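The next block holds one structure in the form of structure tokens; read it before the comments.
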Amino acid sequence: MSHTHFFQRFKEGIYIGDFVYGANDGIVTTFAVVAGAIGAGLSPGVIIILGLANLMADGFSMGASSFLAIRSEKEVERKQKLQQGNVAPPNGLETPLQHGFVTFIAFFGAGFIPLIPYVAGFASDTQFLVSSIFAGVMFFLVGAGRTIITGGKWLVGGMEVLLVGGVASAVAFGIGWGIKEAFGIIV
Numbered sequence: 001m002s003h004t005h006f007f008q009r010f011k012e013g014i015y016i017g018d019f020v021y022g023a024n025d026g027i028v029t030t031f032a033v034v035a036g037a038i039g040a041g042l043s044p045g046v047i048i049i050l051g052l053a054n055l056m057a058d059g060f061s062m063g064a065s066s067f068l069a070i071r072s073e074k075e076v077e078r079k080q081k082l083q084q085g086n087v088a089p090p091n092g093l094e095t096p097l098q099h100g101f102v103t104f105i106a107f108f109g110a111g112f113i114p115l116i117p118y119v120a121g122f123a124s125d126t127q128f129l130v131s132s133i134f135a136g137v138m139f140f141l142v143g144a145g146r147t148i149i150t151g152g153k154w155l156v157g158g159m160e161v162l163l164v165g166g167v168a169s170a171v172a173f174g175i176g177w178g179i180k181e182a183f184g185i186i187v
């Protein structure tokens, strides 16, 4: 498939689920690592290591899982067509590799944003605040951005994703803080 065709299919919304799922999960999991680590009192260096490890491992897993899921869907569709006596190849699904690629790129690209204050060496007393703001803005942009294709209300879309991401982040911070306090873990 040519690059032009790929981007045309992207504009048509073929990859919107992969993009939103990948980007949202990238932000949530990376910022959850940051928030949990801050709640536990871990150092910025540890946050960078955990954040980058999360981005690569979880990003790869998300992309590979998307690939396997789409490939499985195509196999089921092919099997159903053969059972119906129709030997024509299934239509409507792009290649599994493209779906996996979109998921990985969205996960990594959006998920890296909350790490910027740590990787760029912002002042340590502002890193978490700036990371929180960056994550919140990204949550909102992913939610609002999906409405470009879906046609929904951008403010509602942005607030939905911001709410889900905010709750997940608060849970991660609370778990990190709670475990540190409950077990007297000193880091």
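According to UniProt numbering, the sequence shown is numbered sequentially starting from 1.
Note that the Cβ used here is the ideal one computed from N, Cα and C, for glycine as well.
As the structure is a computational prediction, the values presented were derived from the model and not from experiment.
Burial is judged here by how many other beta carbons sit within 10 angstroms of a residue's own beta carbon; residue 150 has fewer than 16 and is exposed.
For residue 106, the enclosing alpha helix (DSSP H) stretches over residues 96-112.
Of the residues assessed, residue 103 falls on the buried side of the cut-off, its CB having 16 or more other CB atoms within 10 angstroms. With contacts defined by Cβ atoms closer than 7 angstroms, residue 26 and residue 107 form a contacting pair. In this structure, residue 160 keeps its C-beta atom at 7 angstroms or more from the C-beta atom of residue 145. For the set 140, 62, 178, the Cα lying nearest the Cα of residue 163 is the one of 140. Distance from residue 128 to residue 97 at the Cβ level is roughly 37 angstroms; contact not present, criterion being Cβ atoms closer than 8 angstroms. As summarised for the stretch 107-173, the continuous alpha helix (DSSP H) elements at least 4 residues long and confined to that stretch are 116-119, 127-150, given in chain order. Going by C-alpha positions, residue 121 is about 58 angstroms away from residue 82.
It is roughly 11 angstroms from the alpha-carbon of residue 179 to the alpha-carbon of residue 37. For residue 80, the uninterrupted alpha helix (DSSP H) segment begins and ends at 44-83. Of 111, 181, 155, 138, the smallest CA-CA separation from residue 51 is found for 111. Residue 32 and residue 86 have their C-alpha atoms roughly 48 angstroms apart. Contact between the stretch 163-172 and the stretch 56-76 is absent: fewer than 3 CB-CB pairs across the two stretches fall below 8 angstroms.
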